[in-house]
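Q: Questions regarding the structure given below will be posed in turn.
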Amino acid sequence: MSERPGHLTRSMNLKSYIKNFLGSRVLYSLFSKAALALLITSFTLSGFTLSGVASAQSTDTFTVSQGYIPPPSQPAPEPSPPEARPSVNTLLKILGFSVQPSFYQATIKVQTNLPAKLFLRFGETPDYEMGAITSADFRDIHLVTIPGLTPNTLYFFEFEVVSGGVLEDRIKITNQKFKTLDLLELPPNVSNLKAVGDQEKITLTWRNPPIDFKNIRIIRSAKFFPRDPFDGELVYEDRGEIFVDRKVEKEVIYYYAVFVEDLEGRFSSGAITSARLLKPGEVAVPIDLFAGIVELPPSQVHPLINELTLKDFDFIQDGEKADFIDDYTVLIKGDRMLKVALSYDKLPEVLKTIAFTLADPARPDRLFQFLLRVNQDKTSYEALIAPLEREDLFTLGVNILDHKNRGLKKLAGFLKSILPFLGGVSIPPRSFYWPLIYLLLALLLLFLLTRIFSRHPFASKRYEMQFK
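In this text, residue positions in the sequence shown follow this note's numbering: the first is 21, and each later residue adds one.
Have a look at this one:
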């Protein structure tokens, strides 16, 4: 958690709206600063903070100087066309944002319901002293890479999204942070790994991590899942995000492990999946790699393994351990990368493999399966997984196996993913604003008429005589 709670602020540029809408400097000048401040305050919304404290404030916008920088391996989103820009009665919303740090850079993704511009500031302190980045176009998905960072360092950032249109809408999120990866850590795994078979081939797709890497290495086996980058047949080694395997036979289950090799020659822990060719009319279903593994009796398992619980694993984000809601449920931020780690001394020096399975309740056809591997200094078994990017309760399974594919230990639990700034945002309906504006205009008209008749009494008398 950050030392200060994060804040979400909403404000609107009502001064420019009133001036443009009325088209008169005279009417605009009638607004006192106090009246405008009162009006703007009435449009301020409460935001949900990381600490659970609601807060809201109107703040001035900041100026940015650097250009929009798209991340590697992901194309920059196309600017939204002019006709897609928001109308005056549409509220801007942040649908989600996530942070994926690597060793020397970090990629921040922000998604809004309307095309908007993004302003971002960052630094090693909450003063955001290192610089600023702005997008040049209106987009509903922003991918911004902050380059030139230092490994194993904590950084702070804030960002603001600004919609177009006459009624300019702003949402600002502050007091956010991320920590770049330690050079001793394993590289992050690929995300969204899928293997889909048809009657002729098996197609693998995935998303590369936002780091500088050398290769994506895919190992295949027809016996069981590969445990390391050399345990099986090498079928792919490149930098793409798709592989079509045509050298496959019917009625054979193929197991794949996908590893990221960084520039120093280190490999990620490995993401795993499996598939087979389908029969005519058959529908593909996900294969749980560990469904058929039977857990050994406690008498045949080493005491250290037998006593292992889910709480022995650390779930780390931004250098801090996530909290357990109970003995079986871990609370994590869905907008941040997750490191799963088990201390090296928690397991005996025997040949074993640690594998995790995440089941997506919203997508029963999706299983996320990955391995934990020993890090470089042999202090823990680790894996890095990409942000889940939404709120939900994911089923978690842990399998500890020996190298003869016998089950040593099985654990079950849940990952509760939350998006701190989305669940608690209260946004009034569109109809909330227009009555207030109409009321304001009516009061203005009444005020003008009062001023006119009070300064020109003869005009008032002539007006009365016309009706006599």
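The C-beta atom is built at its ideal place from N, Cα and C for all residues, glycine as well. Nothing here was measured: the structure is a model prediction, and the numbers come from that model.
#1: Closer than 8 Å is the cut-off here; do at least three beta carbon pairs connect the stretch 273 to 289 with the stretch 311 to 330?
#2: Pick out the complete beta strand (DSSP E) segments inside the stretch 113 to 199, 3 residues or longer, and give them in chain order.
#3: What residue does the beta strand (DSSP E) around isoleucine 336 start on, and which one ends it?
#4: Over the uninterrupted beta strand (DSSP E) stretch that includes isoleucine 438, give me the two end residues.
#5: What's the C-alpha gap between phenylalanine 473 and leucine 464?
#6: Under a Cβ-count criterion, where at least 16 other Cβ atoms within 10 Å of its own Cβ denotes burial, should leucine 459 be classed as buried or exposed?
#7: Hey, could you find the ends of the beta strand (DSSP E) asparagine 419 is sitting in?
#8: Alpha carbon to alpha carbon, what distance is there between arginine 227 and glycine 354?
#9: Quick one: is alanine 462 buried, meaning 16 or more other Cβ sit within 10 Å of its Cβ, or exposed?
#10: Quick test of your reading: methionine 150 and phenylalanine 139, contact by CB under 8 Å. State the CB separation rounded to the nearest angstrom.
#11: Would you mind stating whether threonine 293 and leucine 203 have Cβ atoms separated by less than 9 Å?
#12: Just the C-alpha distance for arginine 393 and leucine 362, rounded to the nearest angstrom, thanks.
#13: Tell me whether valine 182 is buried or exposed, calling it buried when 16 or more other Cβ atoms sit within 10 Å of its Cβ.
#14: Which partner residues of glutamate 402 appear in the DSSP bridge assignment?
#15: What span of residues does the alpha helix (DSSP H) with asparagine 212 cover, start to end?
#16: To the nearest angstrom, report how far apart proline 381 and arginine 237 are at their CA atoms.
#17: Report the rounded CA-to-CA distance for glycine 168 versus threonine 127, giving the unit in angstroms.
#18: Are there 16 or more other CB atoms within 10 angstroms of the CB of threonine 170, so buried, or fewer, so exposed?
#19: Around the C-beta of proline 95, are 16 or more other C-beta atoms found within 10 angstroms, so that it is buried, or is it exposed?
#20: Pick out whichever of Val264, Glu409 and Ile239 has its Cα sitting closest to the Cα of valine 216.
#21: From glutamate 271 to isoleucine 405, what does the alpha carbon distance come to, in whole angstroms?
#22: For asparagine 2, name the three-state secondary structure that DSSP assigns.
#23: Do the stretch 252 to 268 and the stretch 405 to 418 meet, that is, are 3 or more Cβ pairs less than 8 Å apart?
#24: Looking at the structure shown, is glycine 329 part of a helix, part of a strand, or coil, going by DSSP?
#25: Apart from the five residues just before and just after proline 146, which ones in its own chain have a Cβ nearer than 6 Å to its Cβ?
#26: Going by DSSP, what residues sit across from phenylalanine 279 in a beta bridge?
#27: For lysine 436, which residues in the same chain have their Cβ closer than 6 Å to its Cβ, ignoring the five residues on either side in sequence?
#28: Counting only the same chain and skipping the five closest in sequence on each side, list residues whose C-beta sits under 6 Å from that of glycine 290.
#29: Among the residues of its own chain, which have a CB less than 8 Å from the CB of aspartate 397, if the five just before and after it don't count?
#30: From what residue to what residue does the beta strand (DSSP E) around isoleucine 352 run?
#31: Taking Cβ positions, are glutamate 144 and leucine 174 nearer each other than 9 Å?
#32: Short of 8 Å in beta carbon distance, which residues of its chain neighbour alanine 242, apart from the five on each side in sequence? Order them along the chain.
#33: Whole angstroms are fine: how far does the CA of isoleucine 325 sit from the CA of threonine 200?
#34: Nearest to leucine 213 by CA position, among Leu387, Phe467, Val418 and Tyr401, is which residue?
#35: Note down the Cα distance separating threonine 415 from leucine 330, rounded to an integer number of angstroms.
A: If we stick to the structure as given:
#1: no
#2: 114 to 121, 126 to 143, 151 to 154, 159 to 166, 174 to 183 and 189 to 199
#3: Start at 1 with the first residue of the sequence shown, and residue 336 comes out as number 316. Run containing isoleucine 336: 333 to 337, per the beta strand (DSSP E) assignment.
#4: By one-based count along the sequence shown, residue 438 stands at place 418. Per DSSP, isoleucine 438 belongs to the beta strand (DSSP E) from 427 to 438.
#5: Here residue 473 refers to the residue found at position 453 when the sequence shown is read from its first residue. Here residue 464 refers to the residue found at position 444 when the sequence shown is read from its first residue. About 14 Å.
#6: The residue you call residue 459 lines up with position 439 of the sequence shown. It counts as exposed.
#7: As a working mapping, residue 419 is identified with position 399 in the sequence shown. Run containing asparagine 419: 412 to 422, per the beta strand (DSSP E) assignment.
#8: Along the sequence shown, one-based indexing puts residue 354 at 334. Along the sequence shown, one-based indexing puts residue 227 at 207. Their backbone Cα atoms lie some 17 Å apart in a straight line.
#9: Taking the sequence shown and counting its residues from 1, the one referred to as residue 462 is at position 442. Under this definition alanine 462 is an exposed residue.
#10: Against the sequence shown, residue 150 aligns to sequence position 130. Against the sequence shown, residue 139 aligns to sequence position 119. At roughly 15 Å, the Cβ-Cβ gap does not stay under 8 Å, so methionine 150 and phenylalanine 139 are not in contact.
#11: Position 273 of the sequence shown, counted from the first residue, corresponds to residue 293. Position 183 of the sequence shown, counted from the first residue, corresponds to residue 203. In this structure, leucine 203 does not lie closer than 9 Å to threonine 293 by Cβ.
#12: To locate residue 393, count along the sequence shown from 1; it is residue 373. To locate residue 362, count along the sequence shown from 1; it is residue 342. Cα to Cα, arginine 393 sits roughly 10 Å from leucine 362.
#13: Start at 1 with the first residue of the sequence shown, and residue 182 comes out as number 162. Buried.
#14: Residue mapping note: residue 402 aligns to position 382 of the sequence shown, counting from 1. In DSSP, glutamate 402 forms a bridge with Ala361 and Arg393.
#15: The residue given as residue 212 occupies position 192 in the sequence shown. Looking at the DSSP string, asparagine 212 is not in any alpha helix (DSSP H); the run it does join, the beta strand (DSSP E), is 211 to 217.
#16: As a working mapping, residue 381 is identified with position 361 in the sequence shown. As a working mapping, residue 237 is identified with position 217 in the sequence shown. If you take the alpha carbons of proline 381 and arginine 237, they lie about 29 Å apart.
#17: Locating residue 168 in the sequence shown gives position 148, counting from the first residue. Locating residue 127 in the sequence shown gives position 107, counting from the first residue. Distance between the alpha carbons of glycine 168 and threonine 127 is about 12 Å.
#18: Within the sequence shown, residue 170 is the residue found at index 150, counting from 1. Its Cβ having fewer than 16 others within 10 Å, threonine 170 is exposed.
#19: Looking up residue 95 in the sequence shown gives position 75. Any reading at proline 95 needs caution, since the residue's pLDDT is 47, under 50, leaving its predicted position unreliable; the model's value is listed next. Flag for proline 95 reads exposed.
#20: The residue you call residue 216 lines up with position 196 of the sequence shown. If we check each option's Cα against that of valine 216, Val264 comes out closest.
#21: By one-based count along the sequence shown, residue 271 stands at place 251. By one-based count along the sequence shown, residue 405 stands at place 385. Rounded to the nearest angstrom, the two C-alpha atoms are 31 Å apart.
#22: In the structure as shown, the chain begins at 21 and stops at 488. Residue 2 is therefore absent and cannot be evaluated.
#23: no
#24: Looking up residue 329 in the sequence shown gives position 309. The residue asked about is misnamed: residue 329 is threonine in this sequence, not glycine. Looking at threonine 329 - three-state DSSP - the assignment turns out to be coil, as it is neither helix nor strand.
#25: Along the sequence shown, one-based indexing puts residue 146 at 126. So the qualifying residues of the chain are Phe176.
#26: On the sequence shown, position 259 is the one that residue 279 refers to. In DSSP, phenylalanine 279 forms a bridge with Arg237.
#27: As a first step, residue 436 must be located in the sequence shown, where it is residue number 416. Counting only Cβ-Cβ distances below 6 Å, and skipping sequence neighbours, we find Thr349, Leu351 and Leu413.
#28: Within the sequence shown, numbered from 1, the residue matching residue 290 stands at position 270. Only Ala277, Phe279 and Leu391 meet the Cβ criterion.
#29: For this step, residue 397 is matched to residue 377 along the sequence shown. The answer, listed in chain order, is Leu204.
#30: Taking the sequence shown and counting its residues from 1, the one referred to as residue 352 is at position 332. Its beta strand (DSSP E) spans residues 349 to 353.
#31: Within the sequence shown, the letter at position 124 stands for residue 144. Within the sequence shown, the letter at position 154 stands for residue 174. In contact: glutamate 144 and leucine 174 (Cβ atoms closer than 9 Å).
#32: In the sequence shown, the residue the question calls residue 242 occupies position 222. Here the set comprises Val272, Ile273, Tyr274 and Tyr275.
#33: The residue you call residue 200 lines up with position 180 of the sequence shown. The residue you call residue 325 lines up with position 305 of the sequence shown. Cα-Cα distance, rounded: 32 Å.
#34: For the purposes of this step, residue 213 is taken as residue 193 along the sequence shown, with counting starting at 1. Selected option, being the one with the closest Cα: Leu387.
#35: To locate residue 415, count along the sequence shown from 1; it is residue 395. To locate residue 330, count along the sequence shown from 1; it is residue 310. Their backbone Cα atoms lie some 13 Å apart in a straight line.
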